[in-house]
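Reviewing the structure listed below.
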Ligand code: SAH
Ligand code: SF4
Ligand code: F3S
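In the UniProt record's numbering, the protein residues as written are 1 to 486.
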């Protein structure tokens, strides 16, 4: 036990709640102006920044990694927890000084925080010129040019149809090996803790042919892996009627869904046997056996499922409005094991200290973790979000210290489970896709196995984008080490 703990990079409760961001990279194609984007939040948001960069590129902007040389700065923001919004507020105050010396600079707040706060953001953050929600990015060039003339602007219109299907994203922060493809937008679930349905609007699926075309184009450019993104990919459904549901004013049961997520997965997997396919996020209430069988059928669909449980206790799950209980969740996990075997990676999101959660109910989360044996988890303490069902209905009554202590409990549990799971891989032969140089040494490369685990190997003759067969020789809770076989 002592040994294990010492070896592990256990993250603190504070770190777990912290918000990382990604920035644009330098691109010089001779455009007149420079755009800097800082993106917070989930993969969907990072993927949206690639759409924003593409729209702005068509309107005279190259991207830059240095905000000092930017004509326009966008913060693509997240509202998921209070901390995420505070981080952006702090960042905006840092940009205030830059704007003082460079009044012609345009500053925009995009994404979920823009959608949540709308005009209020212009009142509260005086330096902000434009506020644009996730469905209004086509209006950005217009709003930016208005701002250049001194007119501040807000567009937080939420659409029932916008999927940006025709926009070819500029790949930001890409290693040239793997890329994200958004397959749907919005969320129709109403988890009581969650702000996303309010910031991202109604769920809509993107035309499957545009998705397959994007995957094919990426493959033709040398990419080896795509990740299909949506808040709830298992509720993907598309038919010409479904797509035009809002316009035709049809009800749910009047439209025939032609293509579901299992079909879409199969279509993308068929682009090439050497293009790996991943997806995220799967909602436990919706993941079907058909999806699991499709995963089994194709070697290039990675055997990894992000299946957020949130809590291991049925009463808490009901209050969270997750629409499944502990038994349902465990049945889905058994089915994954039955169809895809022990080697399939499973990860989760978890929230501690949700309204009224008792110590025993918290223990249920820990015992569920022991049963499932997650490879990895994203763990948070509950942060009340204004306007959500939970904020309206329940008191946020668990003291912060208790929330944090419970979070530390699950973080510790997870690191033990991660090491246990990784140890099972030692001695096995696995295929990995090389993503780049290892952080530790120039002479080592890092790649991922099908189950989404990072594997470190000696460089040899390998390079980024290669597949390699490796024998796993050692592990820590976070990483596997391997010897290249071929
Ligand atoms: N669509 C995904 C989740 C997207 S949000 C799903 O349903 O699983 C990512 C994660 O943030 C959630 O899974 C949840 O664990 C966490 N989260 C969301 N709202 C939160 C809140 N109010 N406080 C703390 N964590 C929250
Ligand atoms: Fe939020 Fe629930 Fe939708 Fe996930 S499924 S985005 S947690 S409302
Ligand atoms: Fe955050 Fe919005 Fe994603 S709230 S997690 S950026 S959908």
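For each residue, glycine too, the CB sits at the ideal point set by N, CA and C.
Computed from a prediction, not measured in an experiment: that's the story for all the values here.
Heavy atom of the ligand SAH within 7 Å of residue i beta-carbon
{"i": "residue 476", "result": "no"}
{"i": "residue 350", "result": "yes"}
{"i": "residue 78", "result": "no"}
{"i": "residue 219", "result": "no"}
{"i": "residue 304", "result": "no"}
{"i": "residue 383", "result": "yes"}
{"i": "residue 277", "result": "no"}
{"i": "residue 196", "result": "yes"}
{"i": "residue 89", "result": "no"}
{"i": "residue 67", "result": "no"}
{"i": "residue 202", "result": "no"}
{"i": "residue 193", "result": "yes"}
{"i": "residue 261", "result": "no"}
Cβ-heavy atom distance, residue i to the ligand SF4, below 7 Å
{"i": "residue 386", "result": "no"}
{"i": "residue 189", "result": "yes"}
{"i": "residue 283", "result": "yes"}
{"i": "residue 572", "result": "Nothing can be reported for residue 572, as the shown portion of the chain is limited to 1 through 486."}
{"i": "residue 355", "result": "no"}
{"i": "residue 232", "result": "yes"}
{"i": "residue 134", "result": "no"}
{"i": "residue 309", "result": "no"}
Closest Cα partner of residue i within the set the options
{"i": "residue 171", "options": "163, 181, 146 and 164", "result": "181"}
{"i": "residue 21", "options": "27, 40, 33 and 322", "result": "40"}
{"i": "residue 263", "options": "378, 233 and 437", "result": "233"}
{"i": "residue 358", "options": "346, 348, 347 and 312", "result": "312"}
{"i": "residue 84", "options": "45, 71 and 274", "result": "45"}
{"i": "residue 194", "options": "81, 71 and 486", "result": "81"}
{"i": "residue 30", "options": "441, 118, 57 and 94", "result": "57"}
{"i": "residue 410", "options": "373, 61 and 437", "result": "373"}
{"i": "residue 463", "options": "317, 167, 402 and 486", "result": "486"}
{"i": "residue 168", "options": "47, 451 and 378", "result": "47"}
{"i": "residue 60", "options": "221, 140 and 201", "result": "140"}
{"i": "residue 236", "options": "274, 184 and 283", "result": "184"}
{"i": "residue 227", "options": "218, 204 and 179", "result": "179"}
{"i": "residue 151", "options": "164, 122 and 162", "result": "122"}
{"i": "residue 65", "options": "27, 50 and 99", "result": "27"}
{"i": "residue 126", "options": "137, 102 and 92", "result": "92"}
{"i": "residue 379", "options": "418, 422, 310 and 319", "result": "310"}
Distance between beta carbons of residue j and residue i, contact taken as under 8 Å
{"i": "residue 355", "j": "residue 394", "result": "4 Å"}
{"i": "residue 435", "j": "residue 177", "result": "5 Å"}
{"i": "residue 208", "j": "residue 267", "result": "6 Å"}
{"i": "residue 459", "j": "residue 469", "result": "Contact flag wrong, Cβ pair sits at about 16 Å."}
{"i": "residue 135", "j": "residue 158", "result": "5 Å"}
{"i": "residue 143", "j": "residue 128", "result": "Residue 143 to residue 128, Cβ: 12 Å. No contact."}
{"i": "residue 216", "j": "residue 271", "result": "5 Å"}
{"i": "residue 321", "j": "residue 389", "result": "6 Å"}
{"i": "residue 24", "j": "residue 53", "result": "6 Å"}
{"i": "residue 480", "j": "residue 439", "result": "The pair is not a contact, with the Cβ atoms about 15 Å apart (cut-off 8 Å)."}
{"i": "residue 472", "j": "residue 465", "result": "Actually they are not in contact, since the Cβ atoms of residue 472 and residue 465 sit about 21 Å apart, beyond 8 Å."}
{"i": "residue 238", "j": "residue 258", "result": "7 Å"}
{"i": "residue 153", "j": "residue 130", "result": "5 Å"}
{"i": "residue 79", "j": "residue 199", "result": "6 Å"}
{"i": "residue 67", "j": "residue 108", "result": "Residue 67 to residue 108, Cβ: 13 Å. No contact."}
{"i": "residue 352", "j": "residue 315", "result": "Residue 352 to residue 315, Cβ: 15 Å. No contact."}
{"i": "residue 449", "j": "residue 432", "result": "5 Å"}
{"i": "residue 282", "j": "residue 305", "result": "6 Å"}
Residue i: CB within 7 Å of a non-hydrogen atom of the ligand F3S
{"i": "residue 131", "result": "no"}
{"i": "residue 41", "result": "yes"}
{"i": "residue 184", "result": "no"}
{"i": "residue 44", "result": "yes"}
{"i": "residue 199", "result": "yes"}
Residues bridged to residue i (per DSSP)
{"i": "residue 75", "result": "38 and 109"}
{"i": "residue 277", "result": "226 and 301"}
{"i": "residue 482", "result": "472"}
{"i": "residue 487", "result": "Look at the range of the chain in this structure, 1 to 486, and you will see that residue 487 is not part of it."}
{"i": "residue 181", "result": "228"}
{"i": "residue 310", "result": "350"}
{"i": "residue 259", "result": "238"}
{"i": "residue 198", "result": "DSSP, once it has assigned bridges, lists no residue as partnering residue 198."}
{"i": "residue 62", "result": "34"}
{"i": "residue 324", "result": "Residue 324 is not bridged to any residue."}
{"i": "residue 204", "result": "185"}
{"i": "residue 23", "result": "38"}
{"i": "residue 345", "result": "304"}
{"i": "residue 467", "result": "433"}
8 Å Cβ cutoff, residue i in contact with chain D
{"i": "residue 367", "result": "Absence of chain D from the displayed structure is noted, only one protein chain being present."}
Proximity test, residue i beta-carbon vs the ligand FAD heavy atom, cut-off 7 Å
{"i": "residue 157", "result": "Of the ligands one can find in the structure shown, namely the ligand SAH, the ligand SF4 and the ligand F3S, none is the ligand FAD."}
Can you list, in chain order, the stretches of the beta strand (DSSP E) that have 3 or more residues and sit fully within the segment 110-164? Segments of the beta strand (DSSP E) lying fully in the segment 110-164: 130-132 and 153-155.
Start-end ranges of the alpha helix (DSSP H) lying completely within the segment 375-442, minimum 4 residues: 389-393 and 400-425
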